[in-house]
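> Numbering (the UniProt record's numbering), first residue to last: 1 to 692. Each residue gets a CB set at the ideal place from its N, CA and C atoms; glycine is no exception.
Here it is as structure tokens:
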């Protein structure tokens, strides 16, 4: 110990004499200086192991000139922080944060961009991919789930919106917590919640429990978007930030492609599952839900091997942990470049003044739940203070303008991507109805029907002593017809009804022809025996393939826009990218007036998605750069939560006009895009600024 103290004193003297080689007023020594002598390098980072052997490259807490100044200040009478005005403390913290921002930028440049960032890129990309998958899951499983769980139209609508509701709450809550608990920790919590409840939702049978699981699953995945972008941006230098955050956005597109491909290859195979008795059924769409949880699980596992954001650690005063992580980034990249001998030259990093008030309860104070309750309420209060901080005078205007741009973009984009498939289904239904076959006054007796009847209308017919055995009715209507002494056995039906019919001495055995399918009918001496229980998926929809293809092409069409935005983000700037993309997307909306066929609608959808993706990418980048580190995830979460609220409104409004008119959805989407795009041009440009 005495030997170590002697070294410590000698180090102090080396600092004071100016022989150490560090600037007298700075905190950072960049890699532009001449190469040091071997002995000098050892002086920078030397330490001693148990055998008193000198080794290099380990952080030993070497004192900095600022540390010596701090010691001298402590010897002199000073006013404790608790007696200082809070405004003074905040002013000192702001000054520290500005110094840290520029020093941190220099440190990241010294660490370089290499293997570490690319590894983190793919790990966080899987998390972003899980977010993209979550948006598509419910839309793909609804046609099957509605039959499997006997869903009404209102239930289907609620199931489609509940995911966005969960994502809205999750974005605000988990984004806020990420600024207090850490990026990595909150991202792990977010992904774990999503994976657990997505997995559980594939097994539950009841509608209520399934709805609850998808709500909590959406809450979990809602936190990934604000955390992922805040997390990754803090490992990127200013020159790389716009481009590589845009490349990261491609994983959302990959998530959509993955969901579409899996739905296409799994859901139509209804037999891919099992049943346990008559009550529990695990059909192919449940297998699809399980498969969609795989990107989330993969990201969750990989994230365990990644470090916390050093920028966040510096904000909360954890200097040594941040230094070790930055050294890890530096060494990983240097080894990958074939330069393992390069030494990390940073010995001290500025940490901002800590002014937060934390309440720590000793283990002997109160009960365990009281201690946890205080900790939770304190953390939530700090999150709420961060939310309010985004509306202070310094950030109010930027926050309000960004909120309008996010909302208008979400209203038009999410509204249209739901409206496109609904319009295609409507066009398909119109074409299907135009091919209906009508039979008038037919008389059939002593005949056995054992084949499928589809898309037919039978009027004023008479059926005597006929048998309907092991057959299917699909889109069949019997109007003003007579059934006498007939026998129905093992009959399944879809959209089949009997209107104003007379049914005499007829037996229905093991069928799903329930009471509501007989409209204003007279049943005389007829018997219903052993009706089919529950709901059944009776027919594979012929248009399922086209719906999956539409979603697949819509996701794939954003690839050119992603590439262009990534290459031009740092060249033309974020503001021009947002404004230009939104205005071009508005023009694309007007071409939808000419979409009178399925192929035309698919083409205009691809054009719209490809044009709008650049605005989404630029919005993600500028939102990260406009706010300081301790408010970044909170602000992103608020704006992304507002985005999900716009998605809920867009889905509800646009879908209500399907089959009625195209004018309202097209004008609403285009006007929202024009207004948002023009407002975005008034936002400040951020491509030249460092992360505060």
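Helix, strand or coil: which one does DSSP assign to residue 305?
Looking at residue 305 - three-state DSSP - the assignment turns out to be coil, as it is neither helix nor strand.
> Excluding the 5 residues flanking residue 689 on each side, which residues of the same chain have their C-beta closer than 8 Å to its C-beta?
238, 625, listed in sequence order.
> Pick out whichever of 172, 145, 419, 252 has its Cα sitting closest to the Cα of residue 208.
Considering only alpha carbons, the answer is 145.
> May I ask which residues mark the beginning and end of the alpha helix (DSSP H) holding residue 482?
Counting along the chain, residue 482 falls outside any alpha helix (DSSP H), though it belongs to the beta strand (DSSP E) covering 482 to 484.
> Take residue 242 as the anchor and find which of 673, 683, 564, 182 has the nearest alpha-carbon.
Taking only the C-alpha atoms, the option nearest residue 242 is 564.
> Based on the DSSP output, what are the partners of residue 474 in its beta bridges?
Note: residue 474 sits in a beta bridge opposite 454, 494.
> When DSSP builds the beta bridges, which residues end up paired with residue 440?
459, per the DSSP bridge assignment.
> What are the start and end residues of each continuous alpha helix (DSSP H) run of 4 or more residues lying completely inside the segment 593 to 657, in chain order?
If we require 4 residues or more, the alpha helix (DSSP H) runs fully inside the segment 593 to 657 come out as 598 to 626, 629 to 655.
> Considering Cα atoms alone, identify which of 330, 259, 168 is closest to residue 340.
The shortest Cα separation from residue 340 among 330, 259, 168 belongs to 330.
> Excluding the 5 residues preceding and the 5 following residue 201 in the sequence, name in chain order all residues of the same chain whose CB lies nearer than 7 Å to its CB.
Counting only Cβ-Cβ distances below 7 Å, and skipping sequence neighbours, we find 210, 213, 214, 217, 289.
> Which residues mark the beginning and the end of the beta strand (DSSP E) in which residue 528 is found?
It spans 527 to 529 - the beta strand (DSSP E) in which residue 528 sits, taken as one unbroken run.
> I need the straight-line Cα distance from residue 413 to residue 136, nearest angstrom please.
Computed Cα separation, rounded: 14 Å.
> So, helix, strand or coil for residue 434, using DSSP?
The answer is helix: DSSP assigns residue 434 an H, G or I state.
> Residue 515 by DSSP, collapsed to three states: which one?
Residue state, collapsed to three classes: helix.
> Taking C-beta to C-beta, are residue 613 and residue 574 nearer than 8 Å?
No. Outside cutoff.
> Candidates 224, 256, 676, 583: which alpha carbon is nearest residue 417's?
Residue 256 is the option with its Cα nearest to residue 417.
> Going by other Cβ atoms of all chains shown within 10 Å of its Cβ, with 16 needed for buried, is residue 684 buried or exposed?
Answer is exposed; the Cβ neighbour count stays below 16.
> Can you tell me where the alpha helix (DSSP H) with residue 199 in it begins and where it stops?
Unbroken alpha helix (DSSP H) run through residue 199: 183 to 201.
> In whole angstroms, what separates the C-alpha of residue 505 from that of residue 485?
Roughly 5 Å separates the two Cα atoms.
> Going along the chain, which residues of its own chain have a beta-carbon closer than 6 Å to the beta-carbon of residue 630, five neighbours each way excluded?
So the qualifying residues of the chain are 179, 315.
> Between residue 691 and residue 335, what straight-line distance do the alpha-carbon atoms span, to the nearest angstrom?
One C-alpha to the other measures close to 27 Å.
> Out of 155, 226, 205, point me to the one whose CA is closest to residue 170's CA.
Considering only alpha carbons, the answer is 226.
> With a threshold of 8 Å on Cβ separation, who are the neighbours of residue 659 within its own chain once the five nearest residues in sequence on each side are excluded?
So the list reads 426, once near-sequence residues are dropped.
> So, is residue 103 buried or exposed, given that buried needs 16 or more other C-beta atoms within 10 angstroms?
Counting Cβ neighbours within 10 Å, residue 103 comes out buried, since at least 16 surround it.
> By the 10 Å Cβ neighbour count, where 16 or more other Cβ atoms means buried, how is residue 296 classified, buried or exposed?
It counts as buried.
> Using a Cβ-Cβ cut-off of 6 Å (strictly less than) and excluding sequence neighbours within five positions of residue 351, which residues of its own chain qualify?
Here the set comprises 314, 317, 319.
> Threshold first: 3 residues or longer. Then list the beta strand (DSSP E) segments lying entirely within the segment 114 to 170, N to C.
Correct list: empty.
> Quick one: using the 10 Å Cβ neighbour count with 16 as the cut-off for buried, is residue 677 buried or exposed?
With 16 or more other Cβ atoms within 10 Å, it is buried.
> Tell me residue 564's beta-bridge partners as DSSP assigns them.
Partner(s): none; residue 564 has no beta bridge.
> How should residue 686 be labelled, buried or exposed, when 16 other C-beta atoms within 10 angstroms of its C-beta is the threshold for buried?
Label assigned to residue 686: buried.
> Check each candidate in 347, 463, 428, 423 and name the one with the smallest Cα separation from residue 441.
Among 347, 463, 428, 423, the Cα nearest to that of residue 441 belongs to 463.
> To test your reading of the DSSP string, which unbroken alpha helix (DSSP H) runs of 4 or more residues are found completely within the segment 365 to 395?
You should have 368 to 389.
> Cβ-heavy atom distance between residue 674 and the ligand MN below 7 Å?
This structure lacks the ligand MN; in fact it carries no ligand of any kind.
> Can you confirm whether residue 303, when its beta carbon is compared against all beta carbons of chain B, has any partner nearer than 8 Å?
This model lacks chain B altogether, as it is built from one protein chain only.
> Give the range of the beta strand (DSSP E) segment to which residue 523 is assigned.
It spans 522 to 524 - the beta strand (DSSP E) in which residue 523 sits, taken as one unbroken run.
> Only counting the same chain, and skipping five residues up and downstream in sequence, which positions put a Cβ closer than 6 Å to that of residue 627?
Within the same chain, residue 627 has close Cβ partners 635.
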